[in-house]
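**Student:**
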Amino acid sequence: MDSALIPEGAKRCPLPKFSIGIAIVSAVLLWGVYAMFLCWFKGLNQTNMNDYYGFALWIWADLAVIAVGGGAFFTGLLKYIFKIDELKNIINFAVIIGFICYSSALLILAIDIGQPLRGWFIFWHANVHSMLTEVAFCLSAYFAVLTIEFIPNILENRQANKVPFFHHLAHNMHGVMAIFAATGAFLSFFHQGSLGGVAGVMYGRPFAVREGLLVWPWTFFLFTWSAAAYGPCFTLLVTKTTEAITGKKLVKDNVIHLLAKISGWMIVTYIIAKIIDTAYWAMVTAPSLGFNLSHFYTDNSFYGYWMLITEIVICGVVPGAILITKSTRENPKLRLVAIILGTIGVCLNRWVMVLQIMAVPVMSFDTWALYIPSWQEIATTVLPVAYGVILIAFAYRYLPVFPQEQELNQVKPVTE
Amino acid sequence: MVQENHNSAYKFGMVIDLDKCTGCGSCMVSCMAENNVPFKEDETNKKDSITWMRVYKLTNDKPFPDTEVVYMPRPCQQCGGKGDHGHSPCVSVCPAVATDYGYDTGIVSQIYTRCFGCRYCMGACPYHARYFNWWDPKWPEGMEKYLSPNVSPRMRGVVEKCSFCYHRYQAARDKAYAHGNKDHIKEEDYQTACTTACPAGAIVFGDLNNPAHEVHQIVKPDPHPDPRNKHVAGKSRNPKIFRLLERLGTNPKVYYLSEREWVRKQGDNYLEGEWEKIKNHHGKASHG
Amino acid sequence: MFPFSFEWVWDMGHMVFFGGFWYAIGILSAGMTYCIVKAVLNTMNDSGESH
Amino acid sequence: MKVDRRSFLGLGIGAVAGIAVSPMGMKLTDDSAIWTQNWPWTPVPVDGKVNYEKSVCSLCPGSCGISVRKIDNRPVKIEGLADHPVNDGGACLHGIAGLQYLYDPARIKTPLKKNGANFEKISWNDAIELVAEKLSNMREKGSPEKLACITDKEQGSVSGLFKRLLKTFGSPEFYTMPSLESYLEITASALHGKGKTIAFDLENASFVLSFGAGIIEGWGSPVSCFKANASRKTRHAQLYQIEPRLSNTAANADRWIPVKPGSEADLALGISSVILKNNLFDSNATSNFKGDLNKLAAVLQKDYSLAKTAKITGVKPDDIKKIATLFAKAEMPVAVFGKGRGDGAQSLKELAAVHTLNCLVGNINKKGGAFVKPNNQYLEFPDVAMDSIAKTGFGKNKTGKYVNQFFEEVNRSSQSLIEALFIYNANPCYTLHDTKKIKKALDKIPFIVSFSSFLDETAMEADVILPSHTFMERFEDVPSSGGLVKTVVGLTRPVIRPLFNTKTPGDSLILIAKALKGNIAKSFPWTTYDKCLESLTSRIWNSLSEDGFAVLSNGMPGDSQPVDVSFLAKNPASLKAQGNYDLTLIPIDNMRLMSAATASSPFAVKTVSDSVLKGKDIVVEINPLTAKGLKNRGFAVLTTPMGKTRVKVNINEGMMPGVIGMVTGLGHTFDNKYVSNKGVNINDLIGQVIEPDSGLDAAFGIKASISKA
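Sequence lines, in order, name chains A, B, C and D. According to this note's numbering, the first sequence is numbered sequentially starting from 14. According to this note's numbering, the second sequence is numbered sequentially starting from 207. According to this note's numbering, the third sequence is numbered sequentially starting from 216. According to this note's numbering, the fourth sequence is numbered sequentially starting from 343.
#1: Of the residues D:Pro847, D:Val676, D:Ser937 and D:Lys681, which one's Cα is nearest the Cα of D:Gly556?
#2: Closer than 7 Å to a non-hydrogen atom of the ligand SAM - does that hold for the CB of D:Ile413?
#3: Pick out whichever of A:Gln59, A:Gly197 and A:Ile135 has its Cα sitting closest to the Cα of A:His87.
#4: When you compare the CB of A:Phe150 with every CB in chain C, is at least one pair closer than 8 Å?
#5: For B:Met220, which beta-bridge partners are listed by DSSP?
#6: Ignore the nearest five residues each way along the sequence and tell me which others in D:Gly996's own chain have a CB closer than 6 Å to its CB.
#7: In angstroms with no decimal places, state the Cα-to-Cα distance between A:Ser340 and A:Asn267.
#8: Considering only residues of the stretch 801-863 of chain D, which uninterrupted alpha helix (DSSP H) runs meet the minimum length of 4 residues and lie entirely inside it, listed in chain order?
#9: Mind pulling the chain D residues with CB within less than 8 Å of B:Cys327?
#10: Note the first and the last residue of the continuous alpha helix (DSSP H) segment covering B:Met278.
#11: Is D:Ala490 near D:Tyr517, with beta carbons less than 8 Å apart?
#12: Tell me, please, which residues DSSP counts as bridged to D:Ala677.
#13: Rounded to whole angstroms, how far is the Cβ of B:Ala408 from the Cβ of B:Lys226, which I believe are closer than 8 Å?
#14: Starting from B:Val303, find everything on chain A with Cβ-Cβ shorter than 8 Å and list it in chain order.
#15: When Cβ atoms are compared, which residues of the stretch 364-392 of chain D fall closer than 8 Å to chain B?
#16: Which bits of chain A does C:Pro248 rub up against, with CB to CB less than 9 Å?
#17: Going by the beta-carbon positions, is the gap between A:Leu200 and B:Pro301 smaller than 8 Å?
#18: Looking only at its chain, what residues have a beta carbon closer than 7 Å to the beta carbon of A:Ala242, apart from the 5 residues adjacent to it on each side?
#19: Under 7 Å between beta-carbons, which chain D residues line up against B:Asp509? List them in chain order, please.
#20: Count the C-beta pairs between the stretch 851-863 of chain D and the stretch 897-916 of chain D that are closer than 8 Å, then say yes if the count reaches three, no if not.
#21: Just to confirm, are D:Leu927 and D:Ala1046 a CB contact at a threshold of 8 Å?
#22: Any contact of the stretch 494-505 of chain D with the stretch 707-724 of chain D, i.e. 3+ C-beta pairs under 8 Å?
#23: Can you give, in chain order, each stretch of the alpha helix (DSSP H) that sits fully within the stretch 528-586 of chain D and has at least 4 residues?
#24: Suppose the cutoff is 7 Å on Cβ atoms and the five residues either side in sequence are ignored; what does the same chain contact list for D:Val641 look like?
#25: Only counting the same chain, and skipping five residues up and downstream in sequence, which positions put a Cβ closer than 8 Å to that of A:Tyr155?
#26: Whose Cβ in chain D lies nearer than 7 Å to the Cβ of B:Leu463?
#27: Under 8 Å between the Cβ atoms of D:Ile326 and D:Val752?
#28: Suppose you measure from the CA of A:Leu396 to the CA of D:Phe461; what does that come to, to the nearest Å?
#29: Going by Cα to Cα distance, which pick from D:Asn467, D:Ser1049 and D:Leu477 is closest to D:Ser513?
#30: Smallest Cα separation from B:Asp310: which of B:Cys296, B:Lys268 and B:Ile391?
#31: Spell out whether any CB of chain C is found under 8 Å from the CB atom of A:Pro230.
#32: Under 8 Å, Cβ to Cβ, is there at least one residue of chain D near B:Val275?
#33: Measure the C-alpha to C-alpha separation of D:Asp1026 and D:Glu527 and round it to an integer number of angstroms.
#34: Which whole-angstrom value describes the C-beta separation of D:Leu609 and D:Thr655, a residue pair presumed to lie in contact below a C-beta threshold of 8 Å?
#35: Among B:Asn356, B:Gly323 and B:His430, which has the Cα closest to the Cα of B:Gly363?
#36: Please report the Cβ distance between D:Leu622 and D:Ala670, rounded to the nearest whole angstrom; I am assuming they are in contact, meaning their Cβ atoms lie under 8 Å.
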């Protein structure tokens, strides 16, 4: 029925099957949308946040999707600036994932703020000293970049491409994509960093605060670096998932191996920096403020040392090691383990840098604050996932996302 | 970007005598009544109960019968930030300049109509002095008639906090203008609602920069930075006086006074053995 | 955001921050304008050729 | 023109782009933000001219001067009145929250009449007529003594008018609720003779030995006590606090001496014993003792030796000796009684034993000591007209000596002892022990008239409610009370026009009296209460109306006072807590919760710690040694002989082992969701224990057990 829209030569599942799948995911989406409207109309009392947890699940989700969405800017940087041409075979998908992540982040922010209709004050009345201001500016600008990067792919749709203007526009945009990608990398560097800076500058919070370079605390650089390192893991993970769902190989192994290798080396270098940062913070920064490391990890079973070890060793050192070693990297199972661990690792890092900061008491007579999100918070956090699935499904079905798809899935000529 | 802080300006501050404080709650209620703070059916979840002035209960954790208890009222600490340059933990992070540092008063303001409720300031404040309006403020039928026009009630979705009763400062300033002495607000003309309400007289409020003011005389703030921590300024030279979390370099303008050593120790965090080493140096007039 | 909003100060912070921001926005809009204008021209050329 | 897909698309894109760059988007964005800044459901207080009015707070017996800030005619804030002789600018949280009572959701807005289980609105005329008719019938039947009345206090013109109405009607059944003031008078009466009261010079005392008196928990005149306590530090005066729990007063004291609940009297007698044995007493003072001192000394030597006292009280013998010595040798010692706020159950043995300490060390009517002074007399009532019915009725014996006994007798009697009851400013169904029993007694009284401003637990039991103005809407004289050194009368003034169809209680009484006609009407010759007040206080009216208060006496009474210790010399037994359980439940008076006739305000309840009230659950305090098996902040079932209740547990080192502490002032059941249906009323769990020698309810607590829920 919709075959006119499907990329030429590509094989897609029948429309009814596709529709059923979409309907199921849409139900989840609607649940999230319902919760979103509850939050908008009734206010944030719908959440389990409180005055100790001004930042909670949503801010974590924001940071996490932006971190894993970092695959877009980093792949773009590698492809357009460092001219690693193989990556053209995955760049479209990286951009779509990035687009989903960043639009989700903006949506969550619009729910998370107490006065969504005044959200634009962050631009209009900007305080340039606030990390959050930098986040807002660079995030929105970078979202514009992602949109620009996504547009040519949309215009390459079989029907759209028939329109000469769209055809030319897509072509022209490809031509100057390097400039957009460079701008995107510049913006990403700052907003990823600023998101790290959000925590690092809170000098009232010894668990968060870091020393740094000029106005930028070390978390600024660690966040950028980790997004660049782990973002590609997520890109690979989503690619792998898409391949599993569609039952097709979509990207050639050499491309996957290359991205995995780059990601691996990024993770290794990041994790070394992270270990140094953690050690310096634990041995110098926190003690100078009167805190032992044990203060942050021994009160309750949730925020224990296990979290630190999981984040740095299990989800940092291990995937790094797997991905930089040729034999393990090229073993599909181990690679899958590594990219899953890597994705978990960066999400856990963002969790720690948002929620554990809020949980740790600072005044000696204050107590730990633990928090369990409300269903409205969970639903609105699941919403972007559902939205992402739907967008990927549509993109995959109707856009030439994977240049190698046809080559890899040629129907063998039937020998007569 | 070091700004000239408090030169020929006021620096309003407070000292609270914890030995006099009885934990009676007058300051809390006076604050709520003065500043149109709402209330809701259940206020027992103290993590979402708006109390600009909150009274903490501190204990020495000793077993019966050696247990001791002290109450600690905690308004907004009106931090001067590192080096007392006005970059308070909350002010420096607010993305929309909805909270600002008054270099002429030392008071951290909050503009409710500007705030869009991102709550970054709440995360940045280690004192939990900032409160979010999770609910629309609602009063039982007719009760909104007691609301004071001096402070606007806050709408849902914005952050609020103690302002050192800034409207009282404005009134005092207007009075000083009217008397043709615009640069000199009298000590008794500007007192916060908690100060005047305290039945034990435990709170003393005034201009920390003015040697004639009682608060200055009690606190005796050291004009020089702390030699042990360059971020700390205005440390009290009275060894019985401390500030909350002074080591973080937030430079609060709320000082606490206690004769009890364990109380002073709880004002900050110390590694093992650290307190024993520094308690004797604590607040000493090293130079000046 | 703009020099006419009242919290604007002509200091290093504002100039660096907004300098960077407007620079990025400038590149993006210039790039997009270039692509669109060129696409319009291309389209017009196309129709010229075909007729 | 043919609109094909391409031009349609172009048109659409063009339109979107057009709207995006047009000012409409910006205008909408801006307008929506402005709308959020002016949400119509967020109130905007009306501005106006600021003015201040002086008045007196009568929420508690403290009688503090207040300054009410108004915007035009609208009161917006209550603050302490500077230079007022009682509180000099300070104010307690309840007074500051006073305006919340004005707009309390539980306020009664118009006269009500019980119809079945519900109330219906009636007019003032009908209400007064109804009351007058019932009362007339009683007189016609010749039983005027079956009209009883309960108010909050003896003093003041409103109580005076109630008493007057009863007298001219022909009934002696006038009762007041227990209060610190009533205990002070009872104690003074037992030791020094009738018509006197006691005050404590806390401002000057150099050594305060407090037997559980919550000096900073609302005892006496709270703000005045706060001030005296705060000055202790600069005066280098000391406070020793004796009670089972680390109360705020104990925490603020120089020393906390935990004592087994209910053994305070024994400790006081033990200390007296040491003082007498070691010749630490003041020999001049003992000359004022009229007989029986030797007898008392003998009793003390025999039954209150150090070892015995230590065993009873749990205080170490050395400590008892040390306290006795410190107290006797202090320059200006004073021993203070009245556990908690001093308005709960007390035994005369304890009151007398503690006050005997003052008498022994000779600090009566000396600076920094205890003042024994005559009761306030500033009202000049004209004579009461009484007919023969009134005279016969008034001459009959009262049903009970005190209000507790009154209810007990009403319950016990098979006949209808009381046919009509007036209740004003009292909430016995909430504040007296064993509230079920109190309600049962009220059920036996066929006609109850409440003068309450709020539909509280007792007003709910009434047949007719003649609602009163709150203290912010009326004139009233407010005599200081509760152990205050100065004798001050304050004037409560209306700071706002009455919000509802209510009346000053005095006016309601005048209307009832006029409706009853004859001598009764003659005894109430005033047209209004305000005129009545002016004439009753004519001696001090100028000062009252100009300054808002009149100081009747400032200094200490100069005379020496006779001391009669015959009550103690009879060696009355100490009362035991009721029941057979292992633990003892005791009430905790918390400054932030009112537990008398007036309930707490929403603001006050908001300030209550979550270790006292969590959600709708009351939290009880218990020592870790006693809390075996219980989880901190977990649920438990508390059982007393009176019943069971679910509580939360606060495991707390500040509580003596073997004791469970429960806050007073929670568990209200009236219609104010901010205050009511939170926790339980401890008075539901404690039964009364009448002290045989005095008739007082002396239940300091009750035996209890606690187990995991």
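Ideal Cβ positions, reconstructed from N, Cα and C, are used throughout, including at glycine. Keep in mind that this is a model prediction, so the values were computed, not measured.
**Tutor:** For this structure:
#1: Closest by alpha carbon: D:Lys681.
#2: By its list of ligands, the structure shown contains no ligand whatsoever, and the ligand SAM lies outside what it can speak to.
#3: Correcting the residue identity first, residue 87 of chain A is Phe in this sequence and not His. Of A:Gln59, A:Gly197 and A:Ile135, the residue nearest in Cα terms is A:Gly197.
#4: Interface residue, yes.
#5: For B:Met220, which the question treats as bridged, DSSP gives the partners B:Phe411 and B:Val460.
#6: Around D:Gly996: Leu588.
#7: Distance between the alpha carbons of A:Ser340 and A:Asn267 is about 13 Å.
#8: Listed in chain order, the complete alpha helix (DSSP H) runs (minimum 4 residues) inside the stretch 801-863 of chain D are 847-858.
#9: Correct list: empty, because the minimum Cβ distance to chain D is about 19 Å.
#10: Here B:Met278 belongs to no alpha helix (DSSP H); instead the beta strand (DSSP E) covers Val275 to Arg280.
#11: D:Tyr517 is positioned such that its CB atom lies closer than 8 Å to that of D:Ala490.
#12: The bridge partners DSSP lists for D:Ala677 are D:Leu551.
#13: Between B:Ala408 and B:Lys226 a beta carbon distance of about 4 Å is seen, short of the 8 Å cut, so the two are scored as contacting.
#14: Near B:Val303 (Cβ distances below 8 Å), the residues of chain A are His138, Ala139 and Asn140.
#15: Listed in sequence order: Thr378, Gln379, Trp381, Trp383, Thr384, Pro385, Val386, Pro387, Val388, Asp389 and Gly390.
#16: Before going further, note that residue 248 of chain C is Thr rather than Pro in the sequence given. By Cβ distance, chain A contributes nothing, its closest Cβ being about 11 Å from C:Thr248, past 9 Å.
#17: Using a Cβ distance threshold of 8 Å, A:Leu200 and B:Pro301 do not count as a contacting pair.
#18: Closer than 7 Å at the Cβ level, and outside the excluded window around A:Ala242, lie Ser276, Met279, Ile280 and Tyr283.
#19: Any property of residue 509 of chain B remains undetermined from this structure, which presents chain B solely from 207 to 494.
#20: Short answer: they don't touch.
#21: It is a contact, given that the beta carbons lie within the stated cut-off.
#22: Taking 8 Å as the limit for Cβ pairs, the verdict is that the stretch 707-724 of chain D does touch the stretch 494-505 of chain D.
#23: Runs found: 564-577.
#24: Take D:Val641, set aside five residues on each side of it, and the residues of its chain with a beta-carbon closer than 7 Å to its own are Ala911 and Asn913, in chain order.
#25: If we look at A:Tyr155 and ignore the five residues flanking it on each side, its Cβ neighbours are Phe86, Tyr115, Gly197, Leu200, Ser201 and His204.
#26: Residues of chain D passing the Cβ test: none, with the nearest at roughly 10 Å.
#27: Nothing in the structure corresponds to residue 326 of chain D, since chain D is present only between 343 and 1051.
#28: Cα-Cα distance, rounded: 53 Å.
#29: Cα-wise, what sits closest to D:Ser513 is D:Leu477.
#30: The residue among B:Cys296, B:Lys268 and B:Ile391 with its C-alpha nearest the C-alpha of B:Asp310 is B:Ile391.
#31: With 8 Å as the cut-off, A:Pro230 does not count as an interface residue toward chain C.
#32: By this cut-off, B:Val275 is an interface position.
#33: Distance between D:Asp1026 and D:Glu527, taken at the CA atoms: about 28 Å.
#34: Contact flag correct, Cβ pair sits at about 4 Å.
#35: The candidate whose alpha carbon is nearest that of B:Gly363 is B:Gly323.
#36: D:Leu622 to D:Ala670, Cβ: 4 Å. Contact.
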